[in-house]
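Participant: Numbering (the numbering used here), first residue to last: 940 to 1179.
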Amino acid sequence: MSCYHSLPFAALLVLGNHDLQDSIKPQKVEFHSLNFNTTLHWQPGWAREARDTLYFVQYKVDFSGYCHSWGTVMYGQSTWQNKDECWGIPSHVCDLTHETSAIQEPYYGRVRAVLAGVYSSWSLSYRFTPWRETVIGPPMVTVVHSNKSIAVKLQAPRSPYKRKRGSKIPMTNYYDLVYQVFIINNLLDEQHRVLVYEGKDKVIKIQDLRPGVSYCIVAKTYVPVLDRSSAHSSRQCTVL
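#1: Take Lys999 and list the residues in its own chain whose beta-carbon comes closer than 8 Å to its own, dropping the five residues that flank it on each side.
#2: I'd like the ranges of any beta strand (DSSP E) spanning at least 3 consecutive residues and lying wholly in the segment 1028 to 1114.
#3: Per DSSP, Trp1026 is paired with what?
#4: Mind checking Arg1104: buried by the 16 CB within 10 Å criterion, or exposed?
#5: Does the separation of the CB atoms of Ala1158 and Pro1029 fall below 8 Å?
#6: Identify, in the order they occur along the chain, each residue of the same chain with its Cβ nearer than 7 Å to the Cβ of Lys1087, setting aside the five sequence neighbours on each side.
#7: Using three-state DSSP, classify Asp958 as helix, strand or coil.
#8: Identify every residue that forms a DSSP beta bridge with Thr1018.
#9: Quick one: using the 10 Å Cβ neighbour count with 16 as the cut-off for buried, is Tyr1022 buried or exposed?
#10: Where do the N-terminal and C-terminal ends of the beta strand (DSSP E) with Arg1132 fall, by residue?
#11: With a CB to CB cut of under 8 Å and the five nearest residues on each side skipped, what residues in its chain are close to His1131?
#12: DSSP puts His980 in a beta bridge; with which residues?
#13: Could you name the residues of the same chain whose beta carbon sits closer than 6 Å to that of Thr1036, not counting the 5 residues immediately before and after it, in chain order?
#14: Going by the CB atoms, is the gap between Val1050 and Phe970 shorter than 8 Å?
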């Protein structure tokens, strides 16, 4: 049994072509990006959709008045490129990580829909520059305890891009990152989260802790050049 969210498929068919084009036009086309893992997202048109609605994605680089970090000013726009893996798809998301790998460049994406042989017009995203707009994730945290101290090991989040040997390039290759480390004494409430370290060290030691007490560590990544912090890492807890 088929089920539709709003107008039934039969009702959509009796609309004029222009009305059908408007009703299926994708809405809220947006880039989402975490550590340069970049996807284009959209929502179905105002009539929602029948399950036979398909979507087509294109992208391009926008050089209009853009100044590279090495001082060269570029003008004009590249042509729209089809994303082959997102050409005639039923889903509302498309992975553009590879297509946006020139992280200093500004990009646009656009999406159109087709239903019953009728194509909508294109819906355009906002201008997206990966280096400025990707969300930096928290560091990976490993906790090792001894009698009255905790050693905290921090690993920068990784980008999806790889070195020649195959390992993923850390985000520290693209940004000057600072780590913020917080300790939580589980005898107290969550509000007693204390900043115990801020800096670039990959291993820190927290000393003079109470034996027999459960402590949790969380950490954040701070990007000074963008004045932006990540979410907290997952809690790593230990009992001394």
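All C-beta atoms, glycine included, are put in the ideal place defined by N, C-alpha and C.
Fair warning: this is a prediction, and the values are worked out from it, not measured in the lab.
Facilitator: Let me lay it out:
#1: The sequence position of residue 999 within the sequence shown is 60, counting from 1. Taken in chain order, the residues that qualify are Gln1016, Ser1017, Thr1018, Trp1019, Gln1020, Tyr1046 and Tyr1047.
#2: 1032 to 1034, 1046 to 1054, 1079 to 1084, 1089 to 1094, 1097 to 1101 and 1107 to 1109
#3: In the sequence shown, the residue the question calls residue 1026 occupies position 87. In the DSSP output, where bridge partners are listed per residue, Trp1026 has Phe995.
#4: Taking the sequence shown and counting its residues from 1, one reaches residue 1104 at position 165. Per the 10 Å Cβ criterion, exposed.
#5: Mapped onto the sequence shown, residue 1158 falls at position 219. Mapped onto the sequence shown, residue 1029 falls at position 90. No.
#6: Sequence index remark: in the sequence shown, residue 1087 carries index 148 (1-based). Same-chain partners within the cutoff: Gln1146, Asp1147, Leu1148, Pro1150 and Leu1179.
#7: In the sequence shown, residue 958 corresponds to position 19, counting from 1. It is helical.
#8: On the sequence shown, residue 1018 is found 79 positions in, with the first residue counted as 1. The partner list for Thr1018 (beta bridge, DSSP) is empty, contrary to what the question assumes.
#9: Within the sequence shown, numbered from 1, the residue matching residue 1022 stands at position 83. Residue identity check: residue 1022 is Lys in the sequence provided, not Tyr. It counts as buried.
#10: The count along the sequence shown starts at 1 and reaches residue 1132 at position 193. Element bounds for Arg1132: Arg1132 to Gly1138.
#11: For the purposes of this step, residue 1131 is taken as the residue at position 192 of the sequence shown. Contacts found: Ile1123 and Asn1124.
#12: Locating residue 980 in the sequence shown gives position 41, where the first residue counts as 1. In the DSSP output, where bridge partners are listed per residue, His980 has Glu969 and Val1032.
#13: Locating residue 1036 in the sequence shown gives position 97, where the first residue counts as 1. The answer, listed in chain order, is Asn976, Thr977 and Pro1099.
#14: Locating residue 970 in the sequence shown gives position 31, counting from the first residue. Locating residue 1050 in the sequence shown gives position 111, counting from the first residue. No, the pair does not count as a contact, with Cβ atoms beyond the cut-off.
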